[in-house]
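The structure under discussion appears below in the form of structure tokens.
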Amino acid sequence: MLVNKNAKLCKSIDELLEKGEDALQYSALKELEKKTGFSMEDILRKYIRYALNEKPFIPELVVNLIQLRKSSCLEDPQVAEILNEISRRIVKEKGPIVMDMSGYTKKGFKRKLAVQALFGKVFYLSELPEFCSSDSSLVVKEIFGVADEDAEKLRLHTLSEAGDVDSLEKMVDGSDSEESSENSSSDP
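The sequence shown lines up with residues 7 to 194 when you count with our numbering.
Structure below.
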């Protein structure tokens, strides 16, 4: 039942975002709060997790997440705690960041790459002033167990076009790229 509510919530937000930024207003989120029984914090956290796991990390997604964050009218400390909670859940499910991946099986290697990619995305959002102020309660790096220099490398890797392994795999699988495959098929 909860999975269906989560899916409906994310689908509803996607539909609002497709209508344009005027559709994604506080009042629309309050309506979703009533329909789902989720708090505003839950709505933001669930959609961010969904977006980080299921969508390509492209500028349009970042703009949409900023719009959702602004429309939620949550305070910076609340947003910082949401990012911390997302980080804790990722580490609980997939383990901390490991920079030296020698000796891992193919499955373990992929899992650690996924953790690095998710960290890079969360860390990037946590550093955007439009998304969350530099709040002392924001401890994403500490939760993932990442040193400053490694955090910077992973953030830059996330921003590079080929850095997001999950997005590349999805594009190759064709699940998110009907338009891009049409566009690229006309290229020689």
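Cβ coordinates follow ideal geometry from the N, Cα and C atoms, glycine included.
Values in this document were obtained by computation on a predicted structure and should not be read as measured data.
The beta carbons of LEU89 and LEU144 sit about 6 Å from each other, so the pair counts as a contact at 8 Å. One alpha carbon belongs to ILE49, the other to LYS36, and they sit about 10 Å apart.
When MET105, LYS113 and LYS14 are compared, the shortest CA-CA separation from LYS41 is found for LYS14. Sequence-distant partners of LEU58 (beyond 5 residues in either direction) whose C-beta falls short of 8 Å from its own C-beta, in its chain, are ILE92, LEU124, LYS127 and VAL128. Rounded to the nearest whole angstrom, the C-alpha separation of VAL68 and MET107 is 29 Å. Going by DSSP, PRO102 is part of no alpha helix (DSSP H) at all; its letter is neither H nor E. With respect to the C-alpha of ASP82, the residue from LEU162, GLN73 and CYS138 having the closest C-alpha is CYS138. Restricting attention to ILE72, VAL85 and ARG51, the CA atom closest to the CA of GLN31 is found in ILE72.
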